[in-house]
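Engineer: To convert a position in the sequence shown, counted from 1, into this note's numbering, add 984.
Each residue gets a CB set at the ideal place from its N, CA and C atoms; glycine is no exception.
This structure is a prediction, so every number in the text was calculated from the model and none was measured.
Dropping a structure here in structure tokens format, bear with me for questions.
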Amino acid sequence: MADLSKPIYITTPLYYVNDELHIGHATTTLYADTIARFWRACGRPVLFLTGSDEHGQKIHKAATAAGTTPRGFADRIVSKFFELWESLDVQFDIFIRTTDPFHEAAVQKVFERLRDNDKLYKSAYKALYCVECETNYTDKDLLEGKCPIHKTTPQVIEEENYFLKLSEFTDTLKQRIEAHPDCIVPEPRRNEILGKLREGLNDTSVTRVQFDWGVPLPWEKQHVIWVWTDALVNYISALGWPDANTLPTDAFDGRSRGAHHTPKGVKPFEYWWPESVHLVGKDILWHHSVIWWSELIGAGIAPPKQVFAHGWWTVEGDKMSKTLGNVIRPGDIAGKYSRDALRYHVLREGPQRGDSDWRQAAFVTRYNADLANGLGNLMNRSLNMLHKYKGGVAPPETAFADTRFEGLRQSLIARVNGLCDTLIQRVAGFDLDGALEAVFDLVREANQFVNETAPFKLAKDPARGQDLDASLHTLLEVGHALAYGVKAFLPDASGRIAAQLGIDTSTSLPQALKWGRVKAGQQANQPEPLFARIEAE
Ligand code: MSP
């Protein structure tokens, strides 16, 4: 069971500022936001970092094409990132930009350490470089001469560069991954990396000379540090590595929410880094394990605790691409159907384990079945009956006189009381879909309970007043549990359920998510539909 007193530091990749964000980016960010919200709701100390990757050839190229400077271009796109995250209510604690001066200084310090530890050497460089990936390939990595991800012909680059002695780290990395089976999850991704390590690692170029949009190497300024070995450092520069007493972004208006809790007198890097969890997509797992860990170990810094790599979305069976015109924009989905609807689809149907296909028909089916007819209908009919038969006032807790109904009530009590532990266990294992499954099992059972106990029939029989109270009270307990149960996953619905029940959800989850929290005499508000059904489109 997760230790709720232990901090957790959750990061997303820093997204490139060459373009607007799509559903792939929003997926990693929504996974991270959900996990951050969940642990915060449990009272666990959380630090959630996101940001923007602004250096490199790709950004330079996009800025030039737009007739502007890379910095001006980045400013414009970053403000769009902010707008999107705000519209989706993503509650990151820190937003870092790789052009932040404190970050650039940290990157230079890491490189000085690599030099001092004899992990760098200069050599002639001839390589195949995919600008879209900002990554080197060898002939054997290519598929029919093209980048395996972007299907484009890589550039041939010849220059004298600094190389990182990646080959030295093969055994260290293998041993680490074998000794800590959870350091890369899920398991198939870990095996993928182990497989590549068994083939051995080649040293890799980590500076460039024919290009200047990046962090200069401190001792040879004509060299610019490779954008990946620059950007990855954000995960520690954001914490003020090596020895700052406060988070560097605390000085920036609006870029640090200040909701995190680094204990007084402790350096943020020492507090958060040992509990770091990187969330990434499968295409950048190589960079986040092999490259990043080698860079860290080479500089004498411990690698992160864990990397979780999810799969990719396709759209109606096709690769998502601008050329095909099928790019899913998260803001459009949230605007049309609500941001909870977007979150729900990403969490239930998204590529948490393998790849997933975004299908509009599946979106509508799930939304209608689970949100409109499931959760929405349950809350609506529970509260309607409470108003109709009790003036909206919670009856006292009582058992059913009818023993069969009492059996149904006991089953719901057990389900509510077991829910928090199930959620903790599943979120700790990055099983957000499974966590929601447990919540919606409760919704399904409660809807069945309404059908079986039929309070609308009980209300017609004055002799069955006790059973009517038992039924309505049970439904209020379930509503209370659901307001907490969906808090991290469907934050807007949680707030609305709580408002309708006349409760707040500020108590910590392990204390509040259990039976017996409804007070007799508590007044509920009028129900309002939580999710309007989507009619045929
Ligand atoms: N800038 C680097 C990350 C540096 S982190 C120090 C980068 N940026 S990116 O803008 O290209 O964003 C990549 C993220 O988006 C990855 O996690 C990637 O897996 C994700 N996705 C891009 N397309 C995707 C899909 N079609 N589906 C799911 N996620 C996808 O890489």
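Rounded to whole angstroms, what is the Cα-Cα separation between L1148 and R1323?
Structural biologist: If I take the Cα positions, the gap works out to 44 Å.
Engineer: Threshold first: 4 residues or longer. Then list the alpha helix (DSSP H) segments lying entirely within the segment 1061-1128, N to C.
Structural biologist: 1085-1100
Engineer: Could you pull out every residue in the same chain whose Cβ sits closer than 8 Å to the Cβ of G1479, ignoring the five residues on either side in sequence?
Structural biologist: T1489
Engineer: Grab the span of the beta strand (DSSP E) containing Y1373 for me, first residue to last.
Structural biologist: Where Y1373 is concerned, there is no enclosing beta strand (DSSP E), although the alpha helix (DSSP H) it sits in stretches over N1361 to K1374.
Engineer: For K1180, report the span of its alpha helix (DSSP H) as first-last.
Structural biologist: E1171 to E1183 is the extent of the alpha helix (DSSP H) around K1180.
Engineer: Give the DSSP bridge partners of K1303, in chain order.
Structural biologist: T1298
Engineer: Alpha carbon to alpha carbon, how far is T1053 from T1191? Give it in angstroms, no decimals.
Structural biologist: So the two alpha carbons sit approximately 22 Å from each other.
Engineer: With DSSP as the reference, label P1200 as helix, strand or coil.
Structural biologist: strand
Engineer: State the beta-bridge partners of H1262 as determined by DSSP.
Structural biologist: T995 and V1291
Engineer: Keeping to the same chain, check which residues put their C-beta closer than 7 Å to that of F1384; ignore five residues upstream and five downstream.
Structural biologist: Only residues of its own chain outside the window of five on either side were considered, and among them E1390, R1393, D1451 and A1454 have a CB closer than 7 Å to the CB of F1384, listed in chain order.
Engineer: Please confirm if the segment 1341-1357 is in contact with the segment 1487-1503, defined as three or more CB-CB distances below 8 Å between the two stretches.
Structural biologist: no
Engineer: Is D1453 near the ligand MSP, with its Cβ less than 7 Å from a heavy atom?
Structural biologist: no
Engineer: How about H1009: is its Cβ closer than 7 Å to a heavy atom in the ligand MSP?
Structural biologist: yes
Engineer: Give me the Cα-Cα distance between E1521 and M1363, rounded to the nearest whole angstrom.
Structural biologist: 26 Å
Engineer: Drop a sphere of 10 angstroms on the beta-carbon of V1291, count the other beta-carbons inside from all chains shown, and report buried for 16 or more, exposed for fewer.
Structural biologist: With 16 or more other CB atoms across the displayed protein chains lying within 10 angstroms of its CB, V1291 is buried.
Engineer: Examine the ligand MSP and report whether any of its heavy atoms sits within less than 7 Å of the Cβ of W1257.
Structural biologist: Result no, Cβ not under 7 Å from the ligand MSP.
Engineer: Rounding to the nearest angstrom, what Cα-Cα distance links H1457 and L1269 in this structure?
Structural biologist: The alpha-carbon of H1457 is positioned some 49 Å away from that of L1269.
Engineer: What are the partner residues of L1033, as DSSP defines its beta bridges?
Structural biologist: DSSP output for L1033 lists T995 and I1078 as bridge partner(s).
Engineer: Using a Cβ-Cβ cut-off of 8 Å (strictly less than) and excluding sequence neighbours within five positions of H1044, which residues of its own chain qualify?
Structural biologist: P1054, F1195 and W1197
Engineer: S1340 lies in the beta strand (DSSP E); which residues open and close that run?
Structural biologist: S1340 to W1342
Engineer: Excluding five sequence neighbours on each side, which residues of the same chain lie with their C-beta closer than 7 Å to the C-beta of G1265?
Structural biologist: Only G1008, T1012, A1293, H1294 and W1296 meet the Cβ criterion.
Engineer: Can you give the Cα-Cα distance for K1110 and E1143, rounded to whole angstroms?
Structural biologist: 7 Å
Engineer: Going by CA-CA distance only, name the one from I1078, R1327, Q1484 and I1312 that's closest to Y993.
Structural biologist: Among I1078, R1327, Q1484 and I1312, the Cα nearest to that of Y993 is on I1078.
Engineer: Would you say N1352 touches the ligand MSP, meaning its beta carbon is less than 7 Å from a heavy atom?
Structural biologist: Within the chosen limit of 7 Å, the ligand MSP does not reach the beta carbon of N1352 with any heavy atom.
Engineer: What number of angstroms, rounded off, separates the C-alpha of L1331 from the C-alpha of N1175?
Structural biologist: 24 Å
Engineer: Look up Q1041 in the DSSP assignment and give the residues it is bridged to.
Structural biologist: Answer by DSSP bridge pairing: none, since Q1041 is not bridged.
Engineer: Less than 8 Å between the C-beta atoms of N1361 and N1431, yes or no?
Structural biologist: A contact, by the Cβ cut-off of 8 Å.
Engineer: Start and end of the alpha helix (DSSP H) containing V1140?
Structural biologist: Not the alpha helix (DSSP H): V1140 falls in the beta strand (DSSP E), residues Q1139 to L1148.
Engineer: What is the DSSP secondary structure of R1327, counted as helix, strand or coil?
Structural biologist: helix
Engineer: Near P1288, which residues of its chain fall below 6 Å by C-beta distance, leaving aside the five closest residues on each side in sequence?
Structural biologist: S1260 and H1262
Engineer: Would you list the one or two residues that DSSP bridges to R1192?
Structural biologist: V1208
Engineer: Report the option in V1470, L998, P1379 and L1420 whose CA atom is closest to the CA atom of E1333.
Structural biologist: Considering only alpha carbons, the answer is L1420.
Engineer: If you run the structure through DSSP and keep just helix, strand and coil, what is I1281?
Structural biologist: helix
Engineer: Does the beta-carbon of P1335, which I'm using as the reference point, lie nearer than 7 Å to any heavy atom of the ligand MSP?
Structural biologist: yes
Engineer: Assuming contact is defined by CB atoms lying nearer than 8 Å, are P1138 and L1157 in contact in what I supplied?
Structural biologist: no
Engineer: Is the beta carbon of L1593 less than 8 Å from the beta carbon of L1359?
Structural biologist: Past the edges of the chain, shown from 985 to 1521, lies residue 1593, and the structure says nothing about it.
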